[in-house]
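Protein chains in written order, with the numbering used here: chain E, 169 to 474; chain V, 36 to 270; chain P, 982 to 1238. Don't be surprised by glycine CBs; every beta carbon is placed ideally from N, CA and C. Since this is a predicted model, take the numbers as computed values, not measurements. Below: one structure, written as structure tokens.
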Amino acid sequence: MNSQAFHSVDGTYNFAYLDEQTKRMIRRTLLKAIAVPGYQVPFGGREMPMAYGWGTGGIQITASIIGKDDTLKVIDQGADDTTNAVSIRRFFQRVSGVKTTEETQKATLIQTRHRIPEKQLTENQILVYQVPQPEPLWKLEPREVETRKLHAYSEYGLMHVKLYEDISRHGEIITTYDYPVEVNARHIMSPSPIPKFDNPKMAMMPALQLFGAGREKRIYAIPPYTRVRSLDFDDHPFEIQRFEDPCALCGAEGVFLDEVILDDKGDHMFVCSDSDHCRERRAAGHAGHRASDAASIGFVSSEGEA
Amino acid sequence: MTQKSLMLQVRNLRKTFTLHGRGGVQLPVFNDISFEVSAGECVALIGSSGSGKSTLLRSLYANYLPSAGEILVKHHGEWVDIASVEARTKLEIRRETIGYVSQFLRVIPRISSIDLISEVAISGGMSSEIAIEVSSALLRRLNLPEHLWNVPPATFSGGEQQRVNIAMGLVRPYPILLLDEPTASLDASNRESAIELILEAKSRGAAIIAICHDETARDRFADRLFDVSQFKAAA
Amino acid sequence: MKALLEAESVGHSYPGGQLGCEDVSFRLYPGEVLGVVGESGSGKSTLLGCLSGMLEPSNGIVRFDVGGQGLRDVFSLSEPERRLLMRTDWGIVRQNPRDGLRMNVSAGGNVGERLMAVGARNYGNIRNEALDWLTRVEIPSSRVDDLPRTFSGGMQQRVQIARILVSKPRLIFMDEPTGGLDVSVQARLLDLLRGLVRDLGVAAVVVTHDLAVVRLLSDRLMVMRQGRVVETGLTDQVLDDPQHPYSQLLVSSVLQA
């Protein structure tokens, strides 16, 4: 199977930036990761044209699996229009010419930083997460030689020590993002800094979930329809965040909200973190109590910039 | 009591100390000691100072290692040579069969006198409530003032420590008892209590080997004398 | 009664030929405390390493009664089996409590870790058991959420002990348990150890250079010199009637207070 006879828009790069051998290497890594859900597979990460900490892991995964018929969506903290999301989307447009979208249900491939879309994903979609620190135990056990053994031998008492410490200090488990999960009743995994609100979405998700950490050079995965359980104690069960008010713009309830500061007098409102979800609801006629402020925040929709 | 049963048989026992720090000089103490003690019998070791009475007594407890010979002890119905058996069994013999009232109390920091004694009783299978009761009764008989019971004995006088020692040795019905100067440093009335306790141990069948320089006291409980100086080893 | 730990001609040499220990054999039974004394270079620390599963012996075999199923060569166990053993049925009290504790985890978390490691998942129960153990080692309950770095050396040592005993091990190893502590603190710690060992029926191997420690804690004693055991016997016999020239030297060298 020879490579796509397509070069980037200005003709200087291979399709999707990475050479084909590298893509195959990463795909092999992905297969291993899918075969052992939640297990961190080391991989030979490449030097990418952006610094570590800017999503190089997620970008390498996306680059390895994206095809010319894909439709790509990129979000950062749930929004399509933040700097990072815009940069990454433009990068892929330039090196692959692939169609992009902001609408979740139109995307076949979604790269995300720190959020899972509110809309239920399907079996035809792949979700790629950007991961800063893949090792859930790193704060308690910095030695990698040791954490490899802990994962290999399923010695996870230490993870519960961390949760115990939270409860003893704060009366509850205070971790609100990057909340550790147990995947397929075997490996404990860091879901990346998504809010714990999103953790339940990972369980039995119809879409394939792939995780890439560029600096640490690790890839892991959750196959579709896999059991994912957030860690807790019997007498301190896992709970997601609850918001008192609905989204101020579209009135959505049961979604993750961001706080937006409106002026320097302290005026603020809570709006959907998932910008596409909010836009879709408003387009369908839903309105929150500050719907008129939508324009002032500058929610702009764009589709498939070429 | 018709037939007395043998509890202890010492055979051809020899003890020589070798002082390596002094060029390996040998200090022979005694040689070829043999004797027997039966249940309910008390043998008092006599002999001039330095003749090896204490050394012999300590050897019977496996505190000193004999240079030659055997010390056979009736332990759980079997004859066992405490001098040559493995450590585990020696410890078992000390737990179950032989009690030792030493001349000097080995002080364990922070353990009160009542606890020192009841620990011994508990090791013999008594429940802790009964152990405390029995230990208290014993201390009362030995006239140890009650305000000293919950105090560790480190600061006690010689006589007070001796009474704790005696209680530790007699709180359990050991089949064999070794007594090293049990009445030394006791005044007349406490001495009397100690002697009574020793006689009671005898009458319940304990085989006793004692060192007691106080002849009056000794004559009260000893059935026969064994002169260790007769076995003085040649230099 | 079955032996709990067995050493058969155990020896270990370091790379370069330097001798650690040589030809050590003994059997330890449940509830027995074995003291190992020697000066620096005697090989006692190497021996402890071999016995406690940390250092694979170059010669000989160390066997432990794993799961009550009979003696097994400790180094024939798979690594996860051995690690599990060291977390549950064994404990190692290290000389420096910093090596045996998680300094960035509270006292309660330190003590509860072994419970969580074998699947305890009820916070309330874990905390209660941790509190119970801290009380047993005479640490005030109010300190349960404090970090060990706020504790004195003696207290840190006691947290280490509680952390180990919570899993009800049948065998503990102690490496200079009172090293670096003030004399009165040592006395208190030794007394605590003595009581706990006796109450729990735990067997122990205590390695130290301090004769007073073995006098108080151990039933049996091995004297080591230049990698070999030169004398072995009941503690009081070896200390009161030492046979070997080196044992006599050791005993006579102890300063009387």
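Scanning its chain for C-beta atoms nearer than 7 Å, with the 5 sequence neighbours on each side dropped, one finds around VAL209 (chain E) the residues THR197, LYS200, ALA201, ARG386, ILE387 and TYR388, in chain order. With respect to VAL991 (chain P), LEU1028 (chain P) sits close: the two C-beta atoms are nearer than 8 Å.
Under the three-state reduction of DSSP, ARG354 (chain E) is assigned to coil, being neither helix nor strand. Of all residues in the segment 98-110 of chain V, the ones placed with a Cβ closer than 8 Å to any Cβ belonging to chain P are ASN98, TYR99 and LEU100, in chain order. For ALA203 (chain E), the three-state secondary structure derived from DSSP is helix. Residues of the segment 1207-1225 of chain P with a C-beta less than 9 Å from any C-beta of chain E: none at all. Among the residues of the segment 1009-1041 of chain P, those with a Cβ less than 8 Å away from any Cβ of chain V are TYR1010 and GLU1013, in the order of the chain. DSSP, reduced to helix, strand and coil, places LEU260 (chain V) within a strand of the structure shown. Only residues of its own chain outside the window of five on either side were considered, and among them ILE243, GLY246, ALA247, ASP248, ASP249, GLU270 and PHE467 have a CB closer than 8 Å to the CB of SER443 (chain E), listed in chain order. Taking the Cα positions, ALA242 (chain V) is about 5 Å away from GLU76 (chain V).
Residue pairing of GLY1072 (chain P) in beta bridges, as defined by DSSP: P:ILE1153.
The shortest C-alpha to C-alpha distance from LYS287 (chain E) to any of E:ALA375, E:LYS307 and E:TYR321 is the one to E:ALA375. Under a 10 Å Cβ-count criterion, ASN200 (chain V) is classified as buried, with 16 or more other Cβ atoms of the shown protein chains found around its own Cβ. Going by C-alpha positions, GLU250 (chain V) is about 14 Å away from PHE261 (chain V). In this chain, the beta strand (DSSP E) harbouring ARG46 (chain V) covers 41-54. It is roughly 8 Å from the alpha-carbon of PRO368 (chain E) to the alpha-carbon of ARG397 (chain E). Shortest Cα-Cα distance from GLY179 (chain E) to any of E:MET218, E:VAL263, E:GLN293 and E:GLY226 involves E:VAL263.
Shown here, TRP222 (chain E) sits in coil according to DSSP, grouped into three states, outside any helix or strand. Within the model, the alpha-carbon separation for VAL1166 (chain P) versus GLY1135 (chain P) is close to 6 Å. If only uninterrupted alpha helix (DSSP H) runs of at least 4 residues are considered, those enclosed by the segment 1129-1181 of chain P are 1134-1146 and 1164-1181. Note that the C-beta distance between LEU186 (chain E) and VAL296 (chain E) is not below 8 Å. If you compare the alpha carbons of P:GLY1024, P:ARG1196, P:VAL1125 and P:ASP1217 with that of ILE1107 (chain P), the shortest gap goes to P:VAL1125.
Contact with chain P is found for PRO144 (chain V), since one of that chain's Cβ atoms lies less than 8 Å from the residue's Cβ. Listed in chain order, the alpha helix (DSSP H) elements of length 4 or more contained wholly in the segment 305-382 of chain E are 312-320, 325-338 and 367-370. Boundaries of the beta strand (DSSP E) harbouring CYS440 (chain E): 436-440, taken from the DSSP string.
Only residues of its own chain outside the window of five on either side were considered, and among them THR218, ALA252, ARG255 and PHE256 have a CB closer than 8 Å to the CB of ILE230 (chain V), listed in chain order.
Residue-level contact by beta carbon fails for TYR1227 (chain P) and chain E, as no gap is shorter than 8 Å.
Within the segment 323-338 of chain E, GLU323, TYR324, GLY325, LEU326, MET327, HIS328, VAL329, LYS330, LEU331, TYR332, GLU333, ILE335, SER336 and ARG337 place their CB atoms closer than 9 Å to a CB of chain P, listed in sequence order. Of all residues in the segment 166-191 of chain V, none comes within less than 9 Å of chain P when Cβ atoms are compared. Think of a sphere of 8 Å around the beta carbon of GLY56 (chain V): the chain P residues whose beta carbon falls inside it are PRO1226, GLN1229, LEU1230 and SER1233, in chain order. Counting C-beta atoms within 10 angstroms of its own C-beta, LEU331 (chain E) has 16 or more neighbours from the protein chains shown and is therefore classed as buried. According to the DSSP secondary-structure assignment, HIS993 (chain P) is paired through a beta bridge with P:CYS1002. Looking at the DSSP output, LYS433 (chain E) shares a beta bridge with no other residue. Taking all protein chains shown into account, MET982 (chain P) has fewer than 16 neighbouring C-beta atoms within 10 Å of its C-beta and is therefore exposed.
Under the criterion of beta carbons closer than 8 Å, VAL266 (chain E) and LEU240 (chain E) qualify as touching, at roughly 6 Å.
Beta-bridge pairing by DSSP links PHE65 (chain V) to V:LYS50 and V:LYS267.
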